[in-house]
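So the structure is just underneath, and the comments pick up after that.
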Amino acid sequence: MGTKFKIDNLDLYYGKFKALKDINLDLPEHEITAFIGPSGCGKSTLLKSLNRMNDLVEGCKITGKVTLDGEDIYGDMDVNLLRKRVGMVFQKPNPFPMSVYDNIAYGPRTHGIHNKSQLDEIVEKSLKNAAIWDELKDRLKKSALGLSGGQQQRLCIARALAVEPEVLLMDEPTSALDPISTSKIEDLAVELKSKYTIIMVTHNMQQAVRISDKTAFFLLGEMVEFGKSDDLFSMPQDKRTEDYITGRFG
Amino acid sequence: MEAVKTMEKTEEIQGINKVTFGQRMKSYKRTPLSFVLWLLVNAAMIITVVVLFFLIVYILVNGIPNLTPDLFDVKYTTENVSMFPAIINTLIMTGLSLLFAVPLGIFASIYLVEYAKRGNKIVGLVRITAETLQGIPSIVYGLFGMLFFVGALGWGLSILSGAATMAIMILPLIMRTSEEALKSVPDSYREGSFGLGAGKLRTVFRIVLPSAVPGILSGIILAIGRVVGETAALMYTAGTVAEIPSNIMGSGRTLAVHMYTLSCEGLHINQAYATAVVLLITVLLINAVSSFIAKRITKG
Numbered sequence: 041m042g043t044k045f046k047i048d049n050l051d052l053y054y055g056k057f058k059a060l061k062d063i064n065l066d067l068p069e070h071e072i073t074a075f076i077g078p079s080g081c082g083k084s085t086l087l088k089s090l091n092r093m094n095d096l097v098e099g100c101k102i103t104g105k106v107t108l109d110g111e112d113i114y115g116d117m118d119v120n121l122l123r124k125r126v127g128m129v130f131q132k133p134n135p136f137p138m139s140v141y142d143n144i145a146y147g148p149r150t151h152g153i154h155n156k157s158q159l160d161e162i163v164e165k166s167l168k169n170a171a172i173w174d175e176l177k178d179r180l181k182k183s184a185l186g187l188s189g190g191q192q193q194r195l196c197i198a199r200a201l202a203v204e205p206e207v208l209l210m211d212e213p214t215s216a217l218d219p220i221s222t223s224k225i226e227d228l229a230v231e232l233k234s235k236y237t238i239i240m241v242t243h244n245m246q247q248a249v250r251i252s253d254k255t256a257f258f259l260l261g262e263m264v265e266f267g268k269s270d271d272l273f274s275m276p277q278d279k280r281t282e283d284y285i286t287g288r289f290g
Numbered sequence: 066m067e068a069v070k071t072m073e074k075t076e077e078i079q080g081i082n083k084v085t086f087g088q089r090m091k092s093y094k095r096t097p098l099s100f101v102l103w104l105l106v107n108a109a110m111i112i113t114v115v116v117l118f119f120l121i122v123y124i125l126v127n128g129i130p131n132l133t134p135d136l137f138d139v140k141y142t143t144e145n146v147s148m149f150p151a152i153i154n155t156l157i158m159t160g161l162s163l164l165f166a167v168p169l170g171i172f173a174s175i176y177l178v179e180y181a182k183r184g185n186k187i188v189g190l191v192r193i194t195a196e197t198l199q200g201i202p203s204i205v206y207g208l209f210g211m212l213f214f215v216g217a218l219g220w221g222l223s224i225l226s227g228a229a230t231m232a233i234m235i236l237p238l239i240m241r242t243s244e245e246a247l248k249s250v251p252d253s254y255r256e257g258s259f260g261l262g263a264g265k266l267r268t269v270f271r272i273v274l275p276s277a278v279p280g281i282l283s284g285i286i287l288a289i290g291r292v293v294g295e296t297a298a299l300m301y302t303a304g305t306v307a308e309i310p311s312n313i314m315g316s317g318r319t320l321a322v323h324m325y326t327l328s329c330e331g332l333h334i335n336q337a338y339a340t341a342v343v344l345l346i347t348v349l350l351i352n353a354v355s356s357f358i359a360k361r362i363t364k365g
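Same order as they appear, the protein sequences are chains A and B. Numbered continuously in our numbering, the first sequence closes out at residue 290. Numbered continuously in our numbering, the second sequence closes out at residue 365.
Here it is as structure tokens:
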């Protein structure tokens with residue numbers, strides 16, 4: 041397995057506050073990597089520095105180096121192209137206030153695809169990939185806001201897949217969903233990893249155990265431990281990791 | 066079929082969650098203060114509706130019998146005091162001032178909300194200026210328009226001078242309402258769009274602006290109301306000539322100015338009432354059309 045993302049000596053500041061301290065991490069291709077840790081430990085922040093969503097936050101400064109397939113993403117790379125290659129699914133489902141079809145077609149249209157039959161094909165393929173085609177094929181023209189929370193989140197995944205990314209960043213994608221929707225999205229993530237590299241932030245340790253190949257544990261802006269999920273959860277090397285996963289704090 | 070049956074059933078059942086009037090009155094005995102408040106809000110509602118209703122009925126009763134065909138003659142004479150030129154002038158005036166103010170106001174608000182950095186000093190200054198301008202009496206705008214557009218720029222008493230003055234008057238209103246509308250668009254929409262690799266321009270025009278349209282339109286409706294109802298500022302800038310000018314450099318009176326002149330002269334009070342009816346209907350029509358457009362846009 042190759043390395044998709046390589047993070048070297050990354051420091052991140054919000055104003056004067058140092059939110060991430062000297063992160064070094066190699067994220068493998070075609071695997072699910074989970075970021076775990078208590079609230080405010082910087083895991084979401086790190087996730088957002090991988091597609092430069094932190095650029096939108098005022099007073100956010102980053103030092104160090106992040107490469108995607110060897111290319112420096114904070115170098116010459118066009119931010120919009122980076123975000124096309126590295127898609128994102130947010131904590132709360134955020135479909136646009138338009139029809140299901142237009143939601144999916146928004147990304148491809150942004151990147152210059154306007155051919156109707158081509159768009160139809162992309163919409164169908166993306167919805168099928170997100171395992172929601174059967175539920176939505178008869179309501180493509182209906183507003184996406186009328187869907188249930190779980191459907192909305194899978195729609196957002198389909199929307200992210202429609203621009204054919206290489207990496208999918210998921211920021212606690214199931215924290216607002218019920219158990220059934222959660223399990224659907226987990227199954228989906230496992231299915232998708234053969235085609236995409238998935239990096240997922242989660243508060244749910246069972247979820248990390250269930251679906252992730254590798255897990256990174258963060259605490260107070262530092263990466264404490266990174267390894268195979270099976271090892272990390274059964275034999276944590278660091279005392280802090282052990283305390284956290286056994287529920288002694290956090 | 067089944068759905069219909071269950072509907073019928075629920076109608077027969079007296080729900081235990083329904084509070085009857087008697088029960089409510091009983092509960093007010095224990096909390097007299099709530100009863101007083103209940104009375105107050107109801108009284109406020111009734112007074113508001115009655116006053117508005119009385120006003121409209123009064124205008125209609127006095128105006129409709131005076132709506133004679135010669136009031137709509139194409140040419141105004143002192144005999145027929147036709148309001149037809151004034152209707153056309155009102156439409157031109159409204160359209161022209163919106164043409165100036167709406168794009169400017171919306172783009173300025175897009176700058177303030179989407180492009181300017183938070184905590185930018187210019188933003189604060191622009192906001193305070195807009196708020197102050199909103200509170201200035203229209204006669205001040207009229208005076209400025211007379212000195213600047215009519216005098217300094219040499220446009221004379223004309224529809225153009227009037228529309229430019231009106232545009233300045235409604236600009237802060239449109240800017241502020243658009244700003245609020247843009248601000249109320251959730252950030253998650255923007256994040257979603259940026260996350261798909263869309264740039265700022267596309268995000269603003271495809272995602273943010275369409276969601277803000279209803280709010281922006283309500284600002285435009287308010288602005289239309291101000292232009293249609295304006296007299297003082299327009300008498301100084303557009304004049305009171307009761308004709309449709311051949312171009313926008315000509316002078317012309319709007320409906321409100323026409324009404325003011327008629328009641329000032331004191332000879333045609335009945336015709337003034339008839340004009341009021343037309344003005345009322347115009348405003349109602351404009352509002353209906355605007356909300357219809359808003360609905361269509363938000364649906365699509």
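Beta carbons are placed, not taken as given, at the ideal position from N, Cα and C, and that holds for glycine. Bear in mind that the values here come from a model prediction, so they are computed numbers and not experimental data.
Given a threshold of 16 other Cβ atoms within 10 Å of its Cβ, counted over all protein chains shown, does residue i qualify as buried or as exposed?
{"i": "methionine 66/B", "result": "Note that methionine 66/B scores a pLDDT of 42, beneath 50, so its modelled location is shaky and nothing firm can be said."}
{"i": "threonine 103/A", "result": "exposed"}
{"i": "glutamate 330/B", "result": "exposed"}
{"i": "alanine 68/B", "result": "Confidence is the limiting factor: at alanine 68/B the pLDDT is only 47, short of 50, which leaves the residue's position unreliable and the question unanswerable from this model."}
{"i": "leucine 349/B", "result": "exposed"}
{"i": "histidine 154/A", "result": "exposed"}
{"i": "alanine 353/B", "result": "exposed"}
{"i": "glutamine 191/A", "result": "buried"}
{"i": "leucine 247/B", "result": "buried"}
{"i": "lysine 70/B", "result": "Below a pLDDT of 50, predicted positions are generally treated as unreliable, and lysine 70/B, at 49, falls in that range; the measurement from the model is reported next regardless. By the neighbour-count rule (16 or more Cβ atoms within 10 Å), lysine 70/B is not buried but exposed."}
{"i": "isoleucine 362/B", "result": "exposed"}
{"i": "lysine 83/A", "result": "buried"}
{"i": "glutamate 295/B", "result": "buried"}
{"i": "valine 205/B", "result": "exposed"}
{"i": "valine 273/B", "result": "buried"}
{"i": "asparagine 91/A", "result": "buried"}
{"i": "lysine 360/B", "result": "exposed"}
{"i": "glutamine 336/B", "result": "buried"}
{"i": "phenylalanine 357/B", "result": "exposed"}
Which chain A residues sit within Cβ distance under 8 Å of residue i?
{"i": "serine 253/B", "result": "Phe130, Lys132 and Asn134"}
For residue i, which residues in chain A fall below 7 Å Cβ to Cβ?
{"i": "isoleucine 272/B", "result": "Phe136"}
{"i": "glutamate 244/B", "result": "Result: empty, since nearest Cβ-Cβ is about 19 Å, beyond 7 Å."}
Which chain B residues sit within Cβ distance under 8 Å of residue i?
{"i": "lysine 124/A", "result": "Leu261 and Gly262"}
{"i": "methionine 240/A", "result": "The premise fails here: methionine 240/A is roughly 15 Å from chain B at the closest Cβ pair, so nothing lies under 8 Å."}
{"i": "arginine 328/A", "result": "The displayed coordinates of chain A run from 41 to 290. Any statement about residue 328/A would go beyond what the structure contains."}
{"i": "glycine 190/A", "result": "Residues of chain B passing the Cβ test: none, with the nearest at roughly 17 Å."}
Pull up the DSSP beta-bridge partners for residue i, would you.
{"i": "alanine 74/A", "result": "Met240/A and Thr255/A"}
{"i": "glutamate 330/B", "result": "Looking at the DSSP assignment, glutamate 330/B forms no beta bridge with any residue, so it has no partner."}
{"i": "cysteine 100/A", "result": "Tyr54/A"}
{"i": "aspartate 211/A", "result": "Val241/A"}
{"i": "isoleucine 47/A", "result": "Leu65/A and Val106/A"}
{"i": "valine 167/B", "result": "BP columns for valine 167/B are empty, so no partner."}
{"i": "glycine 127/A", "result": "Leu208/A"}
{"i": "glutamate 262/A", "result": "Leu259/A"}
{"i": "leucine 60/A", "result": "Leu52/A"}
{"i": "glycine 267/A", "result": "Thr255/A"}
{"i": "serine 139/A", "result": "Ser183/A"}
Give me the chain B residues within the contact set of residue i, using Cβ-Cβ distance strictly less than 7 Å, ordered along the chain.
{"i": "threonine 150/A", "result": "Leu261, Gly262, Ala263 and Arg267"}
{"i": "valine 203/A", "result": "Leu261 and Gly262"}
What does residue i touch in chain A if you count any residue whose Cβ is under 9 Å from its own?
{"i": "lysine 182/B", "result": "Glu98"}
{"i": "glutamate 256/B", "result": "Met93, Leu96, Met128, Phe130 and Asn134"}
{"i": "serine 249/B", "result": "Under the 9 Å cutoff, chain A gives no residues; its nearest Cβ is about 12 Å from serine 249/B."}
{"i": "serine 276/B", "result": "Phe136 and Pro137"}
Just checking my contact of residue i with residue j at CB under 8 Å: how many whole Å lie between their CB atoms?
{"i": "glycine 210/B", "j": "threonine 197/B", "result": "That belief does not hold up - the Cβ atoms of glycine 210/B and threonine 197/B are roughly 18 Å apart, past 8 Å."}
{"i": "valine 241/A", "j": "methionine 263/A", "result": "With a Cβ gap of about 13 Å, valine 241/A and methionine 263/A do not count as contacting."}
{"i": "glutamate 69/A", "j": "threonine 43/A", "result": "7 Å"}
{"i": "valine 140/A", "j": "leucine 180/A", "result": "5 Å"}
{"i": "glycine 257/B", "j": "asparagine 134/A", "result": "5 Å"}
Comparing the C-beta of residue i with each C-beta of chain C, is any distance below 7 Å?
{"i": "asparagine 120/A", "result": "Looking at the structure shown, chain C is missing, and the protein chains on hand are A and B."}
Three or more C-beta pairs below 8 Å linking the stretch 116-125 of chain A and the stretch 160-175 of chain A: no
Three or more C-beta pairs below 8 Å linking the stretch 216-227 of chain B and the stretch 137-153 of chain B: no
The stretch 163-175 of chain B in contact with the stretch 331-341 of chain B per 3-pair CB rule at 8 Å: no
The stretch 124-132 of chain A contacting the stretch 200-210 of chain A, beta-carbon criterion three pairs below 8 Å: yes
Sufficient close CB pairs (3 or more, under 8 Å) joining the stretch 217-228 of chain A to the stretch 174-191 of chain A: yes
Segment contact flag, the stretch 117-133 of chain B with the stretch 279-294 of chain B, C-beta cutoff 8 Å, min 3 pairs: no
Contact the stretch 102-112 of chain B vs the stretch 311-323 of chain B: 3+ CB pairs below 8 Å: no
Contact between the stretch 296-303 of chain B and the stretch 126-142 of chain B (3+ Cβ pairs under 8 Å): no
Sufficient close CB pairs (3 or more, under 8 Å) joining the stretch 170-183 of chain B to the stretch 317-327 of chain B: no
contact_flag[the stretch 234-245 of chain B, the stretch 265-272 of chain B] where n(CB pairs < 8 Å) is 3 or more: no
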